[in-house]
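Written below as structure tokens is the structure these notes are about.
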Amino acid sequence: MDAKAWDERYTGTELVWSADPNRFVAEQTGDLPPGRALDLAAGEGRNSIWLAKRGWRVTAVDFSAAALAKAKLLSDAQDVAVDWVTADLLTWRPEPGAYDLVLIAYLHLPEAEIAAVLANAAAAVAPGGTFLLVGHDLDNLEHGIGGPQDPDILHTPDRVSAALGAGLRVERAERVRRPVTVEGEAREAIDTLVRAVRP
């Protein structure tokens, strides 16, 4: 989907996603001391706002102006400061070595494109900083529920880890299960989770 399609999806007053942070983002970042954070493909800003409330100085980037406009309304209503940046991650470059946390949650692109975004994201992690990716896993197609149905844009722990390069030390690279309810029935979605640090 391009920016125009996402803008159309985000148009309206209702949230497309929950206002709460992603469960894995909360679990994996809750113990980190606040610093500078970069949220790539931030959407409506749920993770950015949550981090900012915990004392992080957050830059949130997304190519959907409609999503970020909604995110700004949410952050303003909660008196939370976030630097909202409308930009395409395929051309936008973060400042190298500048962020104590670099987060990518549910960004799905073809392999060459996601590899370039991951390389830029990894380069943006400061010494001692953390990289975290959460996204729909390839196994979700056959064994999970929901998410994109195109195998070419789904993650695997190995592919994400390899794309980060040698500068980061991978601490976790695994498939994780996330409970979802579909038509009143409890099911599980399967995600990739990769957490890495720059020594």
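In our numbering, the protein residues as written are 9 to 207.
Even for Gly, the Cβ is constructed at its ideal location relative to N, Cα and C.
Keep in mind it's a predicted model, so treat the numbers as computed, not measured.
Identify whether residue i lies in helix, strand or coil by the three-state DSSP scheme.
{"i": "P159", "result": "helix"}
{"i": "L176", "result": "coil"}
{"i": "I122", "result": "helix"}
{"i": "A204", "result": "strand"}
{"i": "E150", "result": "helix"}
{"i": "D166", "result": "helix"}
{"i": "E52", "result": "coil"}
{"i": "W58", "result": "helix"}
Shorter than 8 Å from the beta carbon of residue i to some beta carbon of chain D?
{"i": "G105", "result": "Protein chain content of the structure displayed is limited to a single chain, and chain D is not contained in it."}
On the CB-based measure, 16 or more other CB atoms within 10 Å of its CB, does residue i come out buried or exposed?
{"i": "H3", "result": "Residue 3 lies beyond the stretch modelled for the chain, which goes from 9 to 207, so this question has no answer here."}
{"i": "G155", "result": "buried"}
{"i": "P29", "result": "buried"}
{"i": "T37", "result": "buried"}
{"i": "L141", "result": "buried"}
{"i": "R180", "result": "exposed"}
{"i": "V24", "result": "With a pLDDT of 48 at V24, under the threshold of 50, the modelled position of that residue is not reliable, and no figure is offered here."}
Can you check which of these residues, the options, is closest to residue i by C-alpha distance?
{"i": "R65", "options": "V110, D160, P187, D39", "result": "V110"}
{"i": "L46", "options": "F32, A27, D70", "result": "D70"}
{"i": "L98", "options": "L140, K80, A27, A120", "result": "A120"}
{"i": "E150", "options": "V142, L141, L162, L140", "result": "L162"}
{"i": "V178", "options": "P187, D108, L172, A204", "result": "A204"}
{"i": "S169", "options": "I57, P41, T200", "result": "T200"}
{"i": "D39", "options": "Y114, T138, R167", "result": "T138"}
{"i": "N128", "options": "G105, N148, H116, P118", "result": "G105"}
{"i": "G51", "options": "G43, S83, P187", "result": "S83"}
{"i": "L115", "options": "D96, D108, R195, R101", "result": "D96"}
Taking residue i and residue j to be in contact with their CB atoms under 8 Å, please state how far apart those CB atoms are, rounded to whole angstroms.
{"i": "V133", "j": "R206", "result": "5 Å"}
{"i": "E182", "j": "P165", "result": "6 Å"}
{"i": "A79", "j": "S56", "result": "7 Å"}
* Counting only runs that start and end within the stretch 65–89, where is the beta strand (DSSP E) found for 3 or more residues in a row? -> 65–70
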